[in-house]
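Report on the following structure.
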Amino acid sequence: MKHQILLINSPFELAPFSFPEERTELKSASSADVLSNLGGATILATASAPLTYDLLTKHAPKLQLIVCLGTGSDHVNKEACRERGITLCNTPAQNIASVSEHAFTLLGALKRKVVPFHALAMDGHSWADRNQILVDQWEEPPRTNKDEVVGVIGYGPLGKGMESLAKALGMKTLIAERKGADDVRAGRMAFEQVLKQSTTIILAAPLAEVTRNMIDTPELAIMHRSAVLINVGRGGLVNEAALVKALREKTIAGAATDVFANEPATKKNSVLLDPSIPNLLLSPHVAWYSKTTSDNSSKKVHETIEAFVRGEPQHVVVDGRRQD
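Under my numbering, the letters of the sequence shown match residues 206 to 529, in that order.
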């Protein structure tokens, strides 16, 4: 058969496949564009387009395979995939270096106050008006790497990448056990103890019901007042309203996030998009992007689709062929 392949917001090119195919590429992930092109698709590849229960059960009669352009698949309704017999695959561990580097870029920019100091320098008068060394911008001096204790929450490939880079930068690392776990595995520390002992918490966990809002008011309250929170995992890992409150009340010293509970984030759907929130640094879910990620992902997505068509699906999240 000739497969109809629908690519939504793909940041890279896919080489021709070994099987007959026609492809449609959408640069927009708007609901109208997706809906108008989904009906004939047998294979769909997307990074973040919301694929709801209604969309998959009512408007995708020929769809056999969904490939997520990355590890996360929380934008795809898995119940609909099971009902419809749609196989869902992800393409994990293609962006580890890029996301890890972005996390530590956020950390450096946050603790060195790069963004506010850039604005202060660029206005052309604040520095001269004060006629002083601007150390009053910090409540206490920023830490150098040797004084950082990085707590990693989520110890899959991404978490391991965080640990490796932190150690290379001369930082001490702590690996958190799963929240609420009765036993602590070798090489790990109880979740709450990591929160208490770390100067920086990096979230690298996937989003699932057990991890949703894993950082909330109680967790923020036990962090050190000089600690910062970096989230490059998923937006839903953090209760955003609780984070805003903690920053305003100086419960923690700062936070940076590349991910949001609702994406794309707007002033209507995210409490984080408020410039009055102190010591908050944002980036719009771009941590994954690099030449290495694009090259790796292009190959992995191609391999994943080829494997499915051969009848040997890989990186399966939902096996649509299984009849329970």
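In this text, a Cβ means the ideal position worked out from N, Cα and C, and glycines have one as well. Source: prediction; values computed, not measured.
Query: Uninterrupted alpha helix (DSSP H) stretches inside the region 273 to 336 (no shorter than 4 residues); Result: 283 to 289, 301 to 316, 319 to 327 and 331 to 335
Query: Opening and closing residue of the alpha helix (DSSP H) in which residue 450 lies; Result: 445 to 453
Query: In DSSP terms, what residue 206 is bridged to; Result: None; residue 206 has no bridge partner.
Query: Alpha-carbon to alpha-carbon, residue 361 and residue 347; Result: 29 Å
Query: C-beta contact flag for residue 409 and residue 438 at 8 Å; Result: yes
Query: Beta-carbon spacing of residue 394, residue 412 below 8 Å; Result: no
Query: Buried or exposed by the 16-neighbour rule on C-beta atoms within 10 Å, applied to residue 271; Result: buried
Query: DSSP-derived helix/strand/coil call for residue 245; Result: coil
Query: Residue from 506, 521, 514 and 501 with nearest C-alpha to residue 301; Result: 501
Query: The region 315 to 331 in contact with the region 259 to 273 per 3-pair CB rule at 8 Å; Result: no
Query: Cβ-based neighbour list, residue 317, same chain, cut-off 8 Å, excluding 5 preceding and 5 following; Result: 347
Query: Nearest-angstrom Cα separation, counted from residue 299 out to residue 515; Result: 23 Å
Query: Buried/exposed call for residue 206, threshold 16 Cβ in 10 Å; Result: exposed
Query: Span separating the alpha-carbon of residue 153 from that of residue 273; Result: The requested residue 153 does not occur in the structure, where the chain is confined to residues 206 to 529.
Query: Among 349, 366 and 493, the one whose alpha carbon lies nearest that of residue 357; Result: 366
Query: Residue 234 to residue 387 span [Cα, whole Å]; Result: 42 Å
Query: C-beta contact flag for residue 513 and residue 286 at 8 Å; Result: no
Query: Contact between the region 447 to 465 and the region 428 to 438 (3+ Cβ pairs under 8 Å); Result: yes
Query: Residue range of the unbroken beta strand (DSSP E) whose run includes residue 486; Result: 485 to 487
Query: For residue 304, the nearest candidate out of 280, 435 and 289 (CA to CA); Result: 435
Query: 6 Å CB neighbourhood of residue 210 in its chain, flanking five on each side removed; Result: 226, 228 and 248
Query: Through-space distance from residue 414 to residue 529, alpha-carbon basis; Result: With a pLDDT of only 49 at residue 529, under the threshold of 50, the placement of this residue in the model should not be trusted; the figure read from the coordinates follows. Approximately 23 Å between the Cα atoms of the pair.
Query: Counted within 10 angstroms of its Cβ, other Cβ atoms place residue 381 as buried (16 or more) or exposed; Result: buried
Query: Chain-order list of residues whose beta-carbon lies under 6 Å from that of residue 384 (same chain, five-residue window excluded); Result: 396 and 419
Query: Pairwise C-alpha distance: residue 503 and residue 218; Result: 7 Å
Query: Unbroken stretches of the beta strand (DSSP E), 3 residues or longer, contained in the region 462 to 507; Result: 485 to 487
Query: Contact set for residue 215: own chain, Cβ-Cβ below 7 Å, skip 5 residues either direction; Result: 230, 250 and 274
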